[in-house]
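Note that our numbering has the sequence shown beginning at 11, numbered continuously upward. Idealized CB from N, CA, C, for every residue including glycine. Because the structure is a prediction, the values reported are computed rather than measured. The structure appears below as structure tokens.
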Amino acid sequence: MGDWRMVCEACGHAEPLDAAAWRCPVCGGAFTLRGPDRLDPGAIDPAAPGLWRYHATLPVPLAAATSLGEGMTPLVPGTLLGRPVRFKLDALLPTGSFKDRGAAVLVAHLRRLGRRRIIVDSSGNAAAAMAGYSAAAGLDCAVYAPASASPGKLVQSRAYGATVVPVTGSREAVARAAQEAAAADPGAVYASHNWHPVFVEGVKTWLLEVWEQLGQRLPAACFIPTGGGSALVGAARACAALAGPPPALVAAQPAACAPLAAVAPGGTDVPTVTPGTTIAEGTRIAAPARPRQMLAAVRETGGWVEAVPEEEIVAALRELWQQGLYVEPTAAVGAAAFRQAVRRGQAIPEGEVVVLLTGSGLKATDTIATLLG
Ligand SMILES: [Zn+2]
């Protein structure tokens, strides 16, 4: 672990990779990992399962991996509004969402540190991913969730054997309860998918795969559903791992909750917004943990923020379903952003356009049934 360190995005404070801190103890900022993060194509290990083929640029050695076969999801051609795009099918990962990439690597890391009990706060795909990988790795998992969360969303975590702990109060109160439970138990760890930098390192593999699937070339633009920001910041980490100009990274957010779209031109502060109602629940994050990295990912790649209204998300969903791509509403936010960009005449860089599809429609049966009438 000696080659890797966690560096605060806000103040630059650094901690070793095996430190217990999950965010900067000086200023409270989010950590990014720094280390041997350039990918030498010769170091790709095709014999390793799934995303572990990139273990040379991951902070966990292959020998410590527990794999459910996550990674190397299909990159398939399709269309949106008649324009050719490629869809990255991360809805096909083992627990049904892209979060498996982060969970696989983070759970392996925490087990390597000797932790026996994983404590998370989520009621959605991250909880399912962390619970699934905890089960595979033989670790206990506790999911702290808002008491108001629908029981259906937690069934998958319970099936994996996780203990679900309902917490009354705000989303912040849920996070605090999880953090306090972890602090009170020496074998436990608060394993936040939003805060822990090792999670983001796992997620970066989605764009490493795209690069390989395009013949070791990066695409011209990527449209990415963006809530907590791990898919977006992970894409920027993949670009840092590879040589060559990065694709324009487009942060797609529901207009009902689009903090990145609320940043003043040239500004660096991401304001906390009051979230409205959106069908894309996974992107309803009013105050993301790593706002600076998200803004940098967009600005340093020539990308932009696309805030899409609800009707555009639903239209994109229908266009995806009609091509055989059964995704949940949150997963359609990137496709909705592409459609909106085309219709308003936004200049999209020439070349391959990749749209990330983050989660399976099987996650949202009730919502989809309602949409179908
Ligand atoms: Zn700091």
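- According to the DSSP assignment, ARG33 belongs to no beta strand (DSSP E), since it is labelled neither H nor E.
- Relative to PRO176, the option among GLY162, VAL153, TYR170 and ALA198 whose CA is nearest is VAL153.
- The residues ALA230, in chain order, have a CB closer than 7 Å to that of GLU360 in the same chain once the five nearest residues on each side in sequence are set aside.
- Between ligand 1 and GLY60, a heavy atom-to-CB distance of less than 7 Å is absent.
- Within the same chain, Cβ atoms closer than 8 Å to the Cβ of GLU219 are found at LEU61, GLY81, MET82, THR83, LEU85 and LYS98, the five residues on either side in sequence being excluded.
- Around the beta carbon of SER158, fewer than 16 other beta carbons lie within 10 angstroms, which makes this residue exposed.
- Here ASP150 is not near THR368, since their CB atoms are 8 Å or more apart.
- For TYR200, the three-state secondary structure derived from DSSP is strand.
- Secondary structure of GLU190 (DSSP, three-state): helix.
- Rounded to whole angstroms, the Cβ separation of VAL130 and SER180 is 17 Å, and the two are not in contact under 8 Å.
- Under the three-state reduction of DSSP, ASP150 is assigned to strand.
- Contact annotation: the region 206-213 does not touch the region 337-350, with fewer than three C-beta pairs closer than 8 Å.
- Residues of the same chain with a CB within less than 8 Å of the CB of ILE323, apart from the 5 flanking positions on each side, are PRO264, THR288, ILE289, ALA290, PRO339, ALA342, VAL343 and ALA346 in chain order.
- Around the CB of VAL165, fewer than 16 other CB atoms lie within 10 Å, so the residue is classed as exposed.
- Taken from the Cβ of CYS18, at least one heavy atom of ligand 1 lies inside 7 Å.
- In this structure, DSSP gives CYS21 a state outside helix and strand, which the three-state scheme calls coil.
- In the structure shown, the three-state DSSP call for GLY162 is helix.
- Linking PRO301 to ASP279 through their CA atoms gives a straight-line distance of about 8 Å.
- Three or more Cβ pairs closer than 8 Å define a contact, and the region 213-228 meets that threshold against the region 51-70.
- Per the coordinates, the alpha-carbon of ARG15 lies some 27 Å from the alpha-carbon of ILE234.
- Taking 4 residues as the shortest admissible run, the region 295-331 contains the following complete alpha helix (DSSP H) segments, listed from N- to C-terminal end: 301-309 and 320-331.
- Counting only residues of its own chain and dropping the five nearest sequence neighbours on each side, ALA198 has a CB closer than 6 Å to the CB of ARG127, ILE129 and ALA192.
- Collapsing the DSSP output to three states places ASP131 in a strand.
- Listed in chain order, the non-local C-beta contacts of TYR170 below 6 Å within the same chain comprise ALA141, GLY142 and ALA145, local neighbours out to five positions each way being set aside.
- DSSP places LYS98 in the strand class (E or B) of the three-state scheme.
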